[in-house]
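S.K.:
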Amino acid sequence: MSSTTRDAINSPAISTLSQRRSRQPPKLTFGRAPRSVSSTVDDVHGPSSQCGICSGSLSQNPSLCSDCQIWNDAYHVFRCLRDTSDWDDFQEPNLAELLERDGCILCRYVASSIVTRFQLPDGENREQLLAVSVRNFGPYCLGMEALDAVDPTHLDKLGRQRISNEDMRLDSALDPKYRAPSEEERTLRTVIYLVITAPLGSKPGQFDSQIDIATENSRGFSTTRSLSGDGPALLQPSIGLQLDLSYGKSSKCLLTAQSWERPYIDLQMVTRWLETCRLDHGAKCERKDDSGAVPQGFRAIDTHHLRVVELPNSPTLDYAALSYTWGPSGADELQLERSNLRALSSDRSLERFGGIPDLILDAIHLCRSLGRRYLWVDRLCIVQDDGPFKSSQIQAMDKIYSLADFTIVCAVPPSIGLPGVPNRPRRVPWWNHTRRFHNKMRFVGDNFKDTVLGSFWNTRGWTFQERLLSRRAIYITEFQVYFMCIRAERQEDIGEFAARINPWALERFDHYMATVPDFTSRNLSFPSDILNAFTGIGNRFAEAQGAALTWGLPEKYFAQALLWEPRDKAIRREETPNIPSWSWAAWKGPIRYDPNSRVEKLDIGTLVRFFFQDPTKGLRPVNNDEVWFFTRLSVVLTQGSLPDVDALYPEKKYMPPAKESTKAWKDCPHNPWVMAQHNLDEAEAVRASHHPGSLLFTTTLAKVLLKERVLRDRDTDTTFITLDIQDQNMNVVGEIARLHRSWAETNINLSQPHEIIVLAAGIVSMPFRFAQTHSTQHVSGETREPDAKSEPWYLQIMLIQRNAATDLAQRLGIGVVEMRAWKQCTPEWRTIILVSARQRREAPLDFSNIWRWANQFKTLGGGQIPLHRLDAWCGCEVGANWLLKSGIESPVQLHRTVAALSNLAIAWDDSKQRRLLLHTSQIYQL
Numbered sequence: 001m002s003s004t005t006r007d008a009i010n011s012p013a014i015s016t017l018s019q020r021r022s023r024q025p026p027k028l029t030f031g032r033a034p035r036s037v038s039s040t041v042d043d044v045h046g047p048s049s050q051c052g053i054c055s056g057s058l059s060q061n062p063s064l065c066s067d068c069q070i071w072n073d074a075y076h077v078f079r080c081l082r083d084t085s086d087w088d089d090f091q092e093p094n095l096a097e098l099l100e101r102d103g104c105i106l107c108r109y110v111a112s113s114i115v116t117r118f119q120l121p122d123g124e125n126r127e128q129l130l131a132v133s134v135r136n137f138g139p140y141c142l143g144m145e146a147l148d149a150v151d152p153t154h155l156d157k158l159g160r161q162r163i164s165n166e167d168m169r170l171d172s173a174l175d176p177k178y179r180a181p182s183e184e185e186r187t188l189r190t191v192i193y194l195v196i197t198a199p200l201g202s203k204p205g206q207f208d209s210q211i212d213i214a215t216e217n218s219r220g221f222s223t224t225r226s227l228s229g230d231g232p233a234l235l236q237p238s239i240g241l242q243l244d245l246s247y248g249k250s251s252k253c254l255l256t257a258q259s260w261e262r263p264y265i266d267l268q269m270v271t272r273w274l275e276t277c278r279l280d281h282g283a284k285c286e287r288k289d290d291s292g293a294v295p296q297g298f299r300a301i302d303t304h305h306l307r308v309v310e311l312p313n314s315p316t317l318d319y320a321a322l323s324y325t326w327g328p329s330g331a332d333e334l335q336l337e338r339s340n341l342r343a344l345s346s347d348r349s350l351e352r353f354g355g356i357p358d359l360i361l362d363a364i365h366l367c368r369s370l371g372r373r374y375l376w377v378d379r380l381c382i383v384q385d386d387g388p389f390k391s392s393q394i395q396a397m398d399k400i401y402s403l404a405d406f407t408i409v410c411a412v413p414p415s416i417g418l419p420g421v422p423n424r425p426r427r428v429p430w431w432n433h434t435r436r437f438h439n440k441m442r443f444v445g446d447n448f449k450d451t452v453l454g455s456f457w458n459t460r461g462w463t464f465q466e467r468l469l470s471r472r473a474i475y476i477t478e479f480q481v482y483f484m485c486i487r488a489e490r491q492e493d494i495g496e497f498a499a500r501i502n503p504w505a506l507e508r509f510d511h512y513m514a515t516v517p518d519f520t521s522r523n524l525s526f527p528s529d530i531l532n533a534f535t536g537i538g539n540r541f542a543e544a545q546g547a548a549l550t551w552g553l554p555e556k557y558f559a560q561a562l563l564w565e566p567r568d569k570a571i572r573r574e575e576t577p578n579i580p581s582w583s584w585a586a587w588k589g590p591i592r593y594d595p596n597s598r599v600e601k602l603d604i605g606t607l608v609r610f611f612f613q614d615p616t617k618g619l620r621p622v623n624n625d626e627v628w629f630f631t632r633l634s635v636v637l638t639q640g641s642l643p644d645v646d647a648l649y650p651e652k653k654y655m656p657p658a659k660e661s662t663k664a665w666k667d668c669p670h671n672p673w674v675m676a677q678h679n680l681d682e683a684e685a686v687r688a689s690h691h692p693g694s695l696l697f698t699t700t701l702a703k704v705l706l707k708e709r710v711l712r713d714r715d716t717d718t719t720f721i722t723l724d725i726q727d728q729n730m731n732v733v734g735e736i737a738r739l740h741r742s743w744a745e746t747n748i749n750l751s752q753p754h755e756i757i758v759l760a761a762g763i764v765s766m767p768f769r770f771a772q773t774h775s776t777q778h779v780s781g782e783t784r785e786p787d788a789k790s791e792p793w794y795l796q797i798m799l800i801q802r803n804a805a806t807d808l809a810q811r812l813g814i815g816v817v818e819m820r821a822w823k824q825c826t827p828e829w830r831t832i833i834l835v836s837a838r839q840r841r842e843a844p845l846d847f848s849n850i851w852r853w854a855n856q857f858k859t860l861g862g863g864q865i866p867l868h869r870l871d872a873w874c875g876c877e878v879g880a881n882w883l884l885k886s887g888i889e890s891p892v893q894l895h896r897t898v899a900a901l902s903n904l905a906i907a908w909d910d911s912k913q914r915r916l917l918l919h920t921s922q923i924y925q926l
């Protein structure tokens with residue numbers, strides 16, 4: 001028995017509560033035998049009764065009260081009463097009655113746990129607490145493997161995750177072949193499911209939040225995910241009482257009940273997990289691209305000498321990494337800076353310096369205990385006030401975490417340290433409300449997704465890549481430690497489990513489509529870190545795909561990557577005005593690649609060739625794959641027709657024959673063959689050169705009308721809209737993907753025509769193609785015949801807004817248009833410059849003086865002025881605004897200013913430079 005529980009059982013609180021009710025233990029008689037049909041006398045075990053499920057005998061145990069006699073036989077508890085609802089018929093005593101049963105070894109533990117857990121220090125709620133009712137829903141084994149030992153038939157009975165009364169009464173329930181070998185004693189480690197309910201009329205404030213106020217269906221206080229997948233999940237118990245139940249004589253006699261606790265992490269167990277992975281998994285847990293080395297200037301904490309050291313750039317470097325969340329902004333916590341770098345490099349310096357969070361100190365202790373000398377912690381291993389150095393380390397986050405032997409993940413609030421490390425015991429287990437109890441079988445399942453993935457740590461943007469990039473991870477939570485590598489998952493109290501997640505899948509575009517929505521749903525203390533926090537993951541995608549990411553979008557699948565849509569209200573990131581509007585990184589809030597879209601997002605046909613205005617390399621083509629769904633675009637362009645789809649790619653079946661598809665596409669104003677004939681407009685290419693980060697491409701543009709359709713998201717109670725796209729004759733030809741209603745009403749004027757541009761060719765998903773070519777049975781029973789006029793082809797489009805003065809465009813949304821209807825929208829070919837979202841100017845700009853000065857200067861022979869640059873800057877809203885505010889009053893001033901800007905190649909999206917140049921005194925210093 002643990003000291004905590006022993007003290008609780010003998011505590012004055014229990015003595016005080018039971019003082020007026022103390023008496024001899026009640027006579028052990030079956031006043032109410034649950035589900036029993038008759039009572040007999042067993043020659044060996046004394047008085048007995050029959051189980052109402054298996055008809056087996058239940059012998060009495062003098063150490064148990066009448067309500068607890070069912071516990072005397074482990075087989076009846078774990079096999080006959082598998083389902084939690086089977087315990088509903090048991091009596092529901094109040095705490096006062098349990099205290100009177102001080103001769104029952106089970107009731108004594110139950111009562112002591114309630115008093116210790118819920119009694120206020122001053123005894124204020126004493127009388128109310130005595131009146132609470134206690135429902136005991138029986139013991140649960142730790143994991144399915146533990147349940148196998150006592151109930152080998154549980155999977156046979158489970159069937160389709162459902163147990164009927166007939167299943168429970170099968171003759172095989174007591175078949176000797178299912179019995180465990182006879183032994184003198186066996187101990188079952190269990191958690192007892194207790195629900196504490198306050199009487200009707202009680203005030204919730206009198207009790208802890210884990211006590212129910214009596215309701216018709218009260219059981220527990222919060223929901224968890226179902227383990228069986230059949231019906232609702234069990235609620236959390238008020239108390240999960242941890243007991244070791246020791247049985248003798250083939251588990252038919254309860255000998256003792258002892259509480260159990262794990263106040264500290266079993267370091268030997270964690271070491272075995274790590275060694276098993278290194279020795280047994282070998283190359284399976286080593287990524288193919290882990291051959292690189294850490295970045296220059298890489299530092300780590302020497303856990304033996306408690307100092308920060310610079311380590312050699314070597315692929316064989318052996319260290320651990322730490323993943324955690326920083327404390328509140330402004331907290332007086334130590335970090336590595338240029339001013340203290342030398343001091344922190346001296347021996348035992350971490351002992352002398354104050355302000356090191358307990359969490360980091362605990363991680364240093366744990367790392368050393370697990371046999372690793374070096375620990376990388378960003379706060380103490382990156383010089384935080386050295387911009388270039390910090391940037392180089394951030395760019396190498398994928399290397400830092402993937403090359404670490406293991407990562408210690410602190411999935412706890414930073415203020416409580418690391419529970420379970422030496423000298424920091426965990427809280428008593430009565431406070432543990434994170435377990436998942438199976439609602440059809442007697443075992444506790446894994447809770448990794450609830451405690452780790454549901455933690456505050458997992459809501460942060462930076463920790464997302466740290467989880468995905470670590471080859472081995474040790475997750476520390478308040479009551480559990482978990483281990484995960486590429487091939488295995490372990491939980492401290494139940495052993496092996498299946499997390500059903502593969503955090504290292506970063507090769508294919510569908511992995512990207514799943515990763516980005518998860519990342520954008522997380523929080524960043526500094527919103528401007530949006531791309532920095534994605535750098536490590538982006539590097540992984542880039543290496544796997546053999547092409548770079550541009551503003552967070554993989555170039556290899558660039559057209560598909562542009563098809564993101566906001567999952568909620570989209571708000572422009574004011575902190576990052578340089579990020580263009582076509583990147584999800586430019587917007588706050590989660591995004592998605594709609595998996596249920598009628599038109600596929602993954603498979604597209606190339607209809608646009610994109611160019612990127614690289615701030616360092618100039619205008620360059622985007623390195624995307626040119627494809628036509630299932631084949632290379634070059635094949636389509638060379639042979640002048642579309643290939644047959646069924647022969648090579650059966651998954652693309654249910655489509656019109658290639659000849660019909662070729663005819664349909666050639667009738668469309670925007671098709672692969674026409675696209676190949678349209679190049680970039682040279683004048684627009686020159687203009688784009690003065691807008692670093694812009695996207696330039698030639699495509700077809702059409703003016704259309706938009707009509708609102710309101711949608712309601714029942715899960716989030718949020719109102720969205722989709723916009724029907726109408727041609728000039730009011731025919732619906734497509735739709736814009738859903739937008740948050742309030743955002744759309746602010747940014748889209750439905751009374752005016754809007755412009756849409758083509759991004760790629762689209763195709764409806766296979767179920768819709770099947771319905772277009774085959775008869776289908778509707779859920780109503782109606783047979784629906786295929787529509788002979790329907791086609792699978794669509795155009796993926798973007799809704800844009802162009803500045804009237806500059807002709808620069810920004811993204812508003814994405815959608816689809818029927819391919820055959822594009823012709824009736826009267827599209828025209830245009831070269832588009834897609835840039836950042838811009839704030840509207842306060843007043844119209846007058847360009848007349850600027851052009852008059854420029855022409856006068858040219859007439860006077862001043863040919864040095866770069867008129868194309870002047871054109872670009874005056875065509876840029878910010879640039880023209882700056883020129884007007886700068887106080888220019890003569891051609892000479894204009895020449896001096898524009899020439900200086902030309903030499904500096906100012907990026908107008910850089911807010912700091914813009915503020916500097918807007919200052920008149922700084923202008924004339926140029």
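Under full-length UniProt numbering, the residues of the sequence shown are numbered 1 to 926, in order. From the three backbone atoms N, C-alpha and C, an ideal C-beta is built for every residue, glycine too.
(1) Do A404 and S346 count as a contact pair if the criterion is CB distance below 9 Å?
(2) Under DSSP, the beta strand (DSSP E) around K707 begins and ends at which residues?
(3) Report the three-state DSSP secondary structure of M484 (helix, strand or coil).
(4) Give the range of the alpha helix (DSSP H) segment to which V674 is assigned.
(5) Looking only at C-alpha atoms, which of E626, I486, E818, D787 sits nearest to Q796?
(6) In angstroms with no decimal places, state the Cα-to-Cα distance between V309 and G538.
(7) Of all the options Y475, N447, Q726, which has the alpha carbon lying nearest to the alpha carbon of I736?
(8) Take Q242 and list the residues in its own chain whose beta-carbon comes closer than 7 Å to its own, dropping the five residues that flank it on each side.
(9) Between the beta-carbon of G536 and the beta-carbon of D398, is there less than 9 Å?
(10) Run through DSSP, which three-state label would A737 get?
(11) Could you check what DSSP says for R838 in three-state terms: helix, strand or coil?
(12) Using a Cβ-Cβ cutoff of less than 8 Å, which residues in the same chain neighbour L344 once the five nearest sequence positions on both sides are dropped?
(13) Do three or more CB pairs link the region 761 to 768 to the region 733 to 749 at distances below 8 Å?
(14) Tell me whether S391 is buried or exposed, calling it buried when 16 or more other Cβ atoms sit within 10 Å of its Cβ.
(15) When DSSP labels each residue in this structure, what does Y193 get in the three-state scheme?
(16) Going by other Cβ atoms of all chains shown within 10 Å of its Cβ, with 16 needed for buried, is M269 buried or exposed?
(17) Decide if the region 692 to 706 is in contact with the region 741 to 759; the criterion is three or more beta carbon pairs, one per stretch, under 8 Å apart.
(18) Straight-line CA distance for R830 to P669?
(19) Using a Cβ-Cβ cutoff of less than 8 Å, which residues in the same chain neighbour R32 once the five nearest sequence positions on both sides are dropped?
(20) So W587 and G605 are supposed to be a Cβ contact under 8 Å. How far apart are they, rounded?
(21) Assuming contact is defined by CB atoms lying nearer than 9 Å, are Y193 and Y140 in contact in what I supplied?
(22) What three-state label does DSSP hand K588 in the structure shown?
(23) Rounded to the nearest angstrom, what separates I833 and I530 at their Cα positions?
(24) With DSSP run on the structure shown, which of helix, strand or coil describes G229?
(25) Between the Cα of E600 and those of L711, V816, I265, T459, spot the shortest distance and give me the residue it belongs to.
(26) Tell me the residue span of the beta strand (DSSP E) that contains T303.
(27) Do the region 613 to 623 and the region 766 to 775 meet, that is, are 3 or more Cβ pairs less than 8 Å apart?
(28) Is N749 helix, strand or coil by DSSP?
(29) If we count the other Cβ atoms within 10 Å of its Cβ and call it buried at 16 or more, is E555 buried or exposed?
(30) Name the DSSP beta bridge partners of residue 930, please?
(31) Count the C-beta pairs between the region 356 to 363 and the region 270 to 283 that are closer than 8 Å, then say yes if the count reaches three, no if not.
(32) Give a yes or no on contact between the region 740 to 749 and the region 683 to 694, applying the rule of three or more CB pairs nearer than 8 Å.
(33) Please state if the CB of T515 and the CB of P590 are separated by a distance shorter than 9 Å.
(34) Inspect the beta-carbon positions of G103 and S63 and report whether they are closer than 9 Å.
(35) Grab me the residues of F147's own chain with a C-beta within less than 8 Å of its C-beta, minus the 5 sequence neighbours each way, in chain order.
M.R.: In short:
(1) To locate residue 346, count along the sequence shown from 1; it is residue 346. To locate residue 404, count along the sequence shown from 1; it is residue 404. For S346 and A404, no; Cβs fall outside 9 Å.
(2) Taking the first residue of the sequence shown as 1, we reach residue 707 at position 707. It spans 695 to 713 - the beta strand (DSSP E) in which K707 sits, taken as one unbroken run.
(3) For the purposes of this step, residue 484 is taken as the residue at position 484 of the sequence shown. Note: M484 maps to strand in three-state DSSP.
(4) In the sequence shown, counting from the first residue as 1, residue 674 sits at position 674. Per DSSP, V674 belongs to the alpha helix (DSSP H) from 672 to 675.
(5) Numbered from 1 along the sequence shown, position 796 holds the residue referred to as residue 796. If we check each option's Cα against that of Q796, E818 comes out closest.
(6) As a first step, residue 309 is located in the sequence shown; it is residue number 309 there, counting from the start. As a first step, residue 538 is located in the sequence shown; it is residue number 538 there, counting from the start. Straight-line Cα distance between these residues: approximately 29 Å.
(7) Within the sequence shown, the letter at position 736 stands for residue 736. It is Q726 whose Cα lies nearest to the Cα of I736.
(8) Along the sequence shown, one-based indexing puts residue 242 at 242. Cβ neighbours of Q242 beyond the five flanking positions: V191, S259, W260, E261, P429.
(9) For the purposes of this step, residue 536 is taken as residue 536 along the sequence shown, with counting starting at 1. For the purposes of this step, residue 398 is taken as residue 398 along the sequence shown, with counting starting at 1. Yes.
(10) Within the sequence shown, residue 737 is the residue found at index 737, counting from 1. In this structure, A737 counts as strand in the three-state DSSP scheme.
(11) Position 838 of the sequence shown holds residue 838. With a pLDDT of only 48 at R838, under the threshold of 50, the placement of this residue in the model should not be trusted, and no figure is reported.
(12) Taking the first residue of the sequence shown as 1, we reach residue 344 at position 344. So the list reads R307, V308, L336, L350, F353, L380, once near-sequence residues are dropped.
(13) no
(14) The count along the sequence shown starts at 1 and reaches residue 391 at position 391. Taking all protein chains in view, the Cβ of S391 is surrounded by fewer than 16 other Cβ atoms within 10 Å, so the residue is classified as exposed.
(15) Along the sequence shown, read from residue 1 onward, the residue named residue 193 stands at position 193. In this structure, Y193 counts as strand in the three-state DSSP scheme.
(16) By 1-based counting over the sequence shown, the position of residue 269 is 269. Exposed, since its Cβ has fewer than 16 Cβ neighbours within 10 Å.
(17) With a cut-off of 8 Å on Cβ pairs, the region 692 to 706 is in contact with the region 741 to 759, counting three or more such pairs.
(18) Sequence index remark: in the sequence shown, residue 830 carries index 830 (1-based). Sequence index remark: in the sequence shown, residue 669 carries index 669 (1-based). Cα to Cα, R830 sits roughly 13 Å from P669.
(19) Taking the first residue of the sequence shown as position 1, residue 32 is located at position 32. Bear in mind that the predicted position of R32 carries a pLDDT of just 31, short of 50, making it unreliable; the figure below should be weighed with that in mind. The residues are S66, D67, Q91.
(20) Here residue 587 corresponds to residue number 587 of the sequence shown, with the count starting at 1. Here residue 605 corresponds to residue number 605 of the sequence shown, with the count starting at 1. Their Cβ separation, rounded to whole angstroms, is 27 Å, which puts W587 and G605 out of contact at 8 Å.
(21) Numbered from 1 along the sequence shown, position 193 holds the residue referred to as residue 193. Numbered from 1 along the sequence shown, position 140 holds the residue referred to as residue 140. Cβ atoms of Y193 and Y140: closer than 9 Å.
(22) Taking the first residue of the sequence shown as position 1, residue 588 is located at position 588. Looking at K588 - three-state DSSP - the assignment turns out to be strand.
(23) As a position in the sequence shown, residue 833 is number 833, starting the count at 1. As a position in the sequence shown, residue 530 is number 530, starting the count at 1. Cα-Cα distance, rounded: 24 Å.
(24) Position 229 of the sequence shown, counting from 1, holds the residue named residue 229. Note on G229: pLDDT 46, under 50, position unreliable in the model; no value is reported.
(25) Residue mapping note: residue 600 aligns to position 600 of the sequence shown, counting from 1. Ranking the options by Cα distance to E600, first place goes to V816.
(26) By 1-based counting over the sequence shown, the position of residue 303 is 303. Neither: T303 is in no beta strand (DSSP E) and is coded neither H nor E.
(27) In short, these stretches do not touch, since the Cβ pair count stays below three.
(28) Stepping through the sequence shown from its first residue, residue 749 is reached at position 749. The answer is coil: DSSP assigns N749 none of H, G, I, E or B.
(29) As a working note, residue 555 is residue 555 in the sequence shown. With 16 or more other Cβ atoms within 10 Å, it is buried.
(30) The shown model of the chain, from 1 to 926, leaves out residue 930, and the question about it has no answer.
(31) no
(32) no
(33) As a position in the sequence shown, residue 590 is number 590, starting the count at 1. As a position in the sequence shown, residue 515 is number 515, starting the count at 1. Against a cut-off of 9 Å, the Cβ pair of T515 and P590 comes out as no contact.
(34) The count along the sequence shown starts at 1 and reaches residue 103 at position 103. The count along the sequence shown starts at 1 and reaches residue 63 at position 63. Cβ atoms of G103 and S63: closer than 9 Å.
(35) Numbered from its first residue, the sequence shown carries residue 147 at position 147. The question names Phe, yet the displayed sequence has Leu at residue 147. Here the set comprises F78, C141, H154, M441, R442, F443.
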